[in-house]
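Numbering (my numbering), first residue to last: 1334 to 1513.
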């Protein structure tokens, strides 16, 4: 008889633990590190609360300019800061889709500083430093094995020593989440 009561008690506790895990709030990861491969760089994403993060990236950017007589290819270091709001984590979880490691869609305020080029063609205008502000819509997916895919796009305004202009912002990265 005591074995039956013990079995019943353990069964109730086990069911409560399973239900508690299902009711756990869906939230972004508090600390996430990534390595990007396409434009080599390192990323740290810090979660402030269940839906908002600060995304910080240091990487190398690539640029190409051309006119009727010359072309210029540039490589330049960049710092990218984004305040992200993940808006569909609960909806993804409700459909049984992954939300682990910030797999979701987001809206972001974006600020990018691009340093002067470390490689440029002297026959063309010098690739100088610039600052870009923008608003982005994006998606991030982290799959099993920690493979990470990210895409974001939106309008922006670019400031450099020559002019200020509206620019499209488009970013695609492939990489891996490192750490826990």
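Glycine residues also receive a C-beta, built at the ideal position from the N, C-alpha and C atoms.
Note that this is a predicted model, so its numbers are computed, not measured.
{"query": "Examine the Cβ distances between the region 1434-1454 and the region 1399-1415 and report whether three or more of them are shorter than 8 Å.", "result": "yes"}
{"query": "Using only alpha-carbon positions, find the residue among 1512, 1417, 1513 and 1507 that is nearest to residue 1371.", "result": "1507"}
{"query": "Here's a check: name, in chain order, each residue in its chain whose Cβ is nearer than 6 Å to the Cβ of residue 1388, leaving out the five neighbours to either side.", "result": "1378, 1415 and 1417"}
{"query": "Flag this pair as yes or no: are the beta carbons of residue 1470 and residue 1487 separated by less than 8 Å?", "result": "yes"}
{"query": "With contact counted as at least three CB pairs below 8 Å, one residue from each stretch, are the region 1484-1499 and the region 1461-1468 in contact?", "result": "yes"}
{"query": "For residue 1497, is the classification buried or exposed, using 16 other Cβ atoms within 10 angstroms of its Cβ as the cut-off for buried?", "result": "exposed"}
{"query": "Assign residue 1500 to buried or exposed, taking buried as 16 or more other Cβ atoms, counted over all protein chains shown, within 10 Å of its Cβ.", "result": "exposed"}
{"query": "Could you please give me the residues that DSSP links to residue 1511 through a beta bridge?", "result": "1366"}
{"query": "For residue 1399, is the classification buried or exposed, using 16 other Cβ atoms within 10 angstroms of its Cβ as the cut-off for buried?", "result": "exposed"}
{"query": "Are the CB atoms of residue 1391 and residue 1380 nearer to each other than 8 Å?", "result": "no"}
{"query": "Which word fits residue 1369, buried or exposed, when buried means at least 16 other C-beta atoms lie within 10 angstroms of its C-beta?", "result": "buried"}
{"query": "Buried or exposed, going by whether 16 or more other CB atoms sit within 10 Å of the CB of residue 1431?", "result": "exposed"}
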